[in-house]
Structures are given as structure tokens and as C-alpha cells.
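Trainee: Residue numbers (the numbering used here), protein chains in the order written: chain A, 1 to 210; chain B, 1001 to 1308.
Using N, Cα and C, we set each Cβ at its ideal position, and we do this for glycine too.
Keep in mind it's a predicted model, so treat the numbers as computed, not measured.
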Amino acid sequence: MKQSYGKDLPELPNEGLVYPDTEYFCKTRPVPVEPQFKAMEQVRNWARANSLAIQAFGTGCGAVELRPLMTARYDAYRYGVTGSATPRQSCVFVIGGYASVKTLKRIIVSYEQMQNPKFVVALGSCTVNGGMYWDSYNTINRIDHYIPVDLYVSGCMPRPEALLAGFIKLKELIKAGKCEGANKYAENFDWYKANQKKIIKNWNMPDYNW
Amino acid sequence: MSEWLVKGGYAVVSVTVAAVYGLLLSGIIARTLARSQGRIGVPVWQGFLDVFKHAAKRTAISHGVMFYLGPILRLTGGIGTLLFVPMLYGSAVFGNFHFAGDIILIIYFILFGALGMALGASEGGHPYSAIGIGRGLAQFAAFEVPFALAVISLAIQYDTLSVYQIVGAQQNGIASWTLVTNPLATIAAMISLLGSTGYSPFDIVGAPQEIPIGPRTEFQSDFISLMQLNRAIFAAAKLVLYMDLFFGGATNLLVLMVKTWAIYMVPVFVGAAFPRYRIDQSIRFFLRVPTLIGIAAVIFADFFFNAS
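1. Where does Q1209(B) land, buried or exposed, given buried means 16+ other C-beta within 10 angstroms?
2. Closer than 7 Å, Cβ to Cβ, to anything on chain A: give me those residues from the stretch 1044 to 1073 of chain B, in chain order.
3. Under three-state DSSP, which class holds G96(A)?
4. Thinking C-beta only, is G1249(B) closer than 9 Å to L1088(B)?
5. What are the residues in the stretch 90 to 119 of chain A lying within 8 Å of chain B by C-beta distance?
6. For a quick check, are the C-beta atoms of I1191(B) and P1146(B) less than 9 Å apart?
7. Measuring CB to CB, does M70(A) end up less than 9 Å from A76(A)?
8. Rounded to a whole number of angstroms, what is the C-alpha to C-alpha distance between G1125(B) and L1254(B)?
9. Whole angstroms are fine: how far does the CA of M1227(B) sit from the CA of S1026(B)?
10. Could you tell me the boundaries of the beta strand (DSSP E) in which G130(A) lies?
11. Any beta-carbon of chain B closer than 9 Å to the one on T86(A)?
12. With DSSP as the reference, please indicate the residues paired to V64(A) in a beta bridge.
13. I'd like to know whether the C-beta of S211(A) is nearer than 9 Å to at least one C-beta of chain B.
14. Nearest-angstrom Cα distance between R29(A) and M205(A)?
15. Skipping 5 residues on each side, what residues in its chain have a beta carbon closer than 7 Å to that of I1283(B)?
16. Please check if any C-beta of chain B sits within less than 9 Å of the C-beta of V149(A).
17. Comparing the C-beta of D190(A) with each C-beta of chain B, is any distance below 9 Å?
18. So that I know if they touch, is there some Cβ in chain B lying closer than 9 Å to that of W210(A)?
19. State the Cα-Cα distance for the pair W46(A) and M157(A), rounded to the nearest angstrom.
20. Extract the residue ranges of the alpha helix (DSSP H) inside the stretch 1141 to 1181 of chain B, only unbroken runs of 4 or more that lie entirely within it.
21. Anyone know if the C-beta pair for V1240(B) and L1256(B) falls short of 9 Å?
22. I'd like to know if E1003(B) contacts chain A, where contact means its C-beta is closer than 9 Å to some C-beta of that chain.
23. Are at least three pairs of beta-carbons, each pair with one atom in the stretch 1093 to 1102 of chain B and one in the stretch 1148 to 1167 of chain B, less than 8 Å apart?
24. Judging by CA-CA distance, which residue of F1274(B), A1262(B), L1245(B) and F1234(B) is the nearest neighbour of G1077(B)?
25. Could you name the residues of the stretch 45 to 64 of chain A whose beta carbon sits closer than 7 Å to any beta carbon of chain B, in the order they occur along the chain?
26. Start and end of the beta strand (DSSP E) containing F119(A)?
27. Ends of the beta strand (DSSP E) at S1196(B)?
28. Where do the ends of the alpha helix (DSSP H) carrying G1120(B) lie?
29. Please state whether DSSP places S84(A) in a helix, a strand or coil.
30. Buried or exposed: I1110(B), going by 16 or more other Cβ atoms within 10 Å of its Cβ?
31. Is the Cβ of R78(A) closer than 9 Å to any Cβ of chain B?
32. Can you give me the start and stop residues for the alpha helix (DSSP H) that L1256(B) sits inside?
33. Thinking just about the alpha-carbon of each residue, which of D1244(B), V1268(B) and F1300(B) is nearest to the one in F1084(B)?
34. Considering just the uninterrupted stretch of the beta strand (DSSP E) at I54(A), what are its terminal residues?
35. Using 9 Å as the threshold, is the C-beta distance between G16(A) and D207(A) below it?
36. Is the CB of G1041(B) under 9 Å away from at least one CB in chain A?
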């Protein structure tokens, strides 16, 4: 069985939940999972790179640039890029531009539900430093502080070509074994969680969404 | 003993060939659709990559024993269906198993996977899974009616319940195919195939826009890998079954590929042309005209072929 949580580690407090809900969610923490049989890892990475299932969750205005990718003009399918309707089966999360605090909550839930290894492509200037929303009262400035990002595609907005180039770069990174965001998240779990809780005031969900 | 080992080895070969063919077929169809839309499309081997990628995930979340068993029961249904359908008529390797009443067993095996999946997906606890299962089983009950009627019609026509003997009776050229001798049964069964392949307008079970892919919503990594593999095997098994029952079977792999591909193009063409039904429309559709055609096929067979 593939184990992904630490049984011996201290349980998560889940302070945001009230009684009946506390019974429904897991209290264990994520742990980094090292690849087994390292010789096979290159083959696995090659397969991962050539089968990128994007989670169908448009988190900002940039999500509109994802749609043309599937049309005849850009046709991302030929690079093995497809869509996936549920976070459980997807492996690429495209953060489409600015993330408001309300959306950030959903981003965290969706990101944590994806299975290791998972890749994050952040799209647009807003995800890098806040872009034109840098002093807005309800958007975050750097998505990097809340979930690990593998690749940025900057611009406002980047054209679909730029996004396609980003996906090809992501494939190179995956093949090189440099996309270990899920393990990074598990290793620095407390730091990420503290950042998330600092910005999300009404934290009424479990500390880790299985 | 050694006879059993040889037979088992042949069964493994059959299942492997069916899995490879099923995965390739999905790639070929995706590629064909892409070309018709002016795109280049996925590589034909994309199916293999998807299965491998999901199996290569490092973590897997289970929700309990039944959640584990769901994909396994589904795979059992797929392999079971395949093993009782002769892939090639008269071949030792691809002949698979057969006995006097195997068509009844096959119909049960087709249902078996769906039921196992329903049990497994319910333990996932996702509301969309529940909706998907409800829709899936309701639609299943509807499109099985014309298919069962078509099979009854064939049983009367050939006076047997064995797929092997039904194929054997169709070996004298196109004029002896069920397509020609019993067209009503063929039409009823082909309409039923539209429902069971899950293409539009009957893709309500896993509609990505309404109920994010239905019963499979919660399944990930190894589980979904197993289910994608089963999808390939099951699709191949169903196509081979249809080819055996209505299109004269096959005696070599090339004929098998051409015939099953041609059968598969029917739901693909219909799917490319029609938008999705609602679940009530779909059930009403199957229980009206196709069922009537099925009943007509039974009466037709009884009138023309019943010897007694």
C-alpha cells in the first residue's frame, strides 16, 4: 500500500472544525514520499511529463487563456496536455492569475486533494508579486507563500502561446526530476500552514484536506 | 494439469492483446476525432501513458475495503466478459472458454462490473459519485432491455445459448451473418451499444460538466489506473461480443481489428453528432423504440426460424 501520512507524527489540531465535522476528517500530517526504485524514476517521470492532466479550476481571469489551448489553433492535446474534472485525478494545477483570499481557500483544498507528485503552474504577474492588484485588500501577492510553485508564466495576460511554452518547459523540468513540489509542501508543512492561516481569517476547514 | 496451464496461458495472451488493442483503439479514435476537428491530436499511445502515469503516483487515498474492491470487481467483470467471448473463431490461442449457456453468463458479467463499481464508489462518500451511480444503474437497466431482447431473438434463431455456436453458424460468407439474417435484432443491439459505450448522447453517467466524471470522482492513482485498464479490456470485450453475435466473428486478428473498429465507429459518429440527453430522456428513449424493435426481433425470429 502506498503510504502518504505520518502515523507516528503528532496529530493536527483541526481547531477550525466543530464537533460532528471533527469526526469526518483525517488528523494525520502529510509526509514527503521518496521515490522507490530510483532507476525506474526516470521512466516514471517521462510518463508523468507526457500525460499532464490539468485540473479544471479557473482561479482567476487567466483561466480564460486555458480554453484556447484545447482548440484547433493551439491544440495542447498533442503534447499530452488534457483536462481533468476532479482534483483527485489531475496532476497539474494552473493558478490562473490573481487569487483572492476566498479563492485561496479553495486553491488549498484542491491542491491538497491532488496526489503526489503534483505540479503547479502559476500564470500571470499577479501570482508573482501581485501585479496590478499588489495593494488590493483581498488578494494575495505571492502564491509561492501558500503552495509550492514549479513554474511561473509571467505577463498580463500571457498569451496562450506563452502558456504552451510554459507547459513544454514544465515537461523538461519533470523529466529532469526537479518538480518535487508535493514533497516540498510536506517538508515545510508548518510554514505553509502558518502563512495560509495568517491570510485566511475564518479558517473553518481541516488543517489538511485528504 | 498441463492442459489447464496451456489454457491459462492462452487466456493471459487474450487479455493482454485485448488490453493493448483497447488502449490503442481509444488513441486511434481520439486521433481521428482530432483530425476531423482540424487538430493534430494526442499520440495514439496516450492511453498507455495515462495508465502508467496514474500507477506511478506515489500516494493513494483509500476510503475503506469496498473502495479497494470496487476497481478490482470492475476489472473482474471486464476480464470475465472477455474470457467467455471467442475472440477468433476456431483459434486455439484466442478461442477462450466456452460452454453451452455462456451468453447468459456474459450478460451477468457485463452487469457485475457496474455493480462492483457502484459499491466501491459509494464508499468514497462523494455526492457526485452517488448521483453518477444512480444514473449509471438506471441507464444500465434501460439499455440492457433491447440487448437482452436481441439475444433472445438470436437464441431462438440459432437454437443455442452458446456464443461459440452462434459464431460457427455465421461462417458461410456475409449472407449468413446475423446482420443479414436477423436485421431487427442487430439494430436493437446496436442502439443498446450506443448506451453502453458511454458516448454522447448517453454520456450522462460521467458527464464532466455536471457531475465531474460521476462514479470515478474519488478514485485516484492506482485505482483509476486499474479502471482505465479495465475500460480498455471491457471495450474490446464488448466489441468482440458484438462482432461475434452480429457480424460473423473473425478468423484472424486483422479481420477482428477492422470489424471491431467499424463497430466502434458507430457510437463515435453518433456521439460526434448529438448533444447529451438528460437521464429521464435517455431511459425513455431505450424503453420505447429500441425495445419495440427488440420485441419485433423476437417475434420475427419466432415466426421465421422456430422449427417446432
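Mentor: Put simply:
1. exposed
2. Q1046, L1049, D1050, F1052, K1053, A1056, K1057, R1058, T1059, A1060 and I1061
3. strand
4. In this structure, L1088(B) places its C-beta atom within 9 Å of the C-beta atom of G1249(B).
5. C91, Q115, N116 and P117
6. yes
7. yes
8. 44 Å
9. Computed Cα separation, rounded: 14 Å.
10. That residue, G130(A), is in no beta strand (DSSP E); it is neither H nor E in DSSP.
11. Chain B contact via Cβ: present.
12. Per DSSP, none; premise fails for V64(A).
13. Look at the range of chain A in this structure, 1 to 210, and you will see that residue 211(A) is not part of it.
14. 15 Å
15. A1138, Q1139 and A1142
16. no
17. no
18. yes
19. 30 Å
20. 1163 to 1168 and 1178 to 1181
21. yes
22. no
23. Yes, since at least three Cβ pairs between the stretch 1093 to 1102 of chain B and the stretch 1148 to 1167 of chain B fall closer than 8 Å, the two stretches touch.
24. F1234(B)
25. A47, R48, N50 and S51
26. F119 to L123
27. Premise fails: S1196(B) lies in the alpha helix (DSSP H), P1183 to T1197, not in any beta strand (DSSP E).
28. D1102 to G1124
29. If DSSP states are grouped into helix, strand and coil, S84(A) belongs with the strands.
30. I1110(B) should be labelled buried.
31. yes
32. Judged by DSSP secondary structure, L1256(B) falls within the alpha helix (DSSP H) whose first and last residues are L1253 to A1273.
33. For the residues D1244(B), V1268(B) and F1300(B), the minimum Cα distance to F1084(B) belongs to D1244(B).
34. L52 to Q55
35. yes
36. yes
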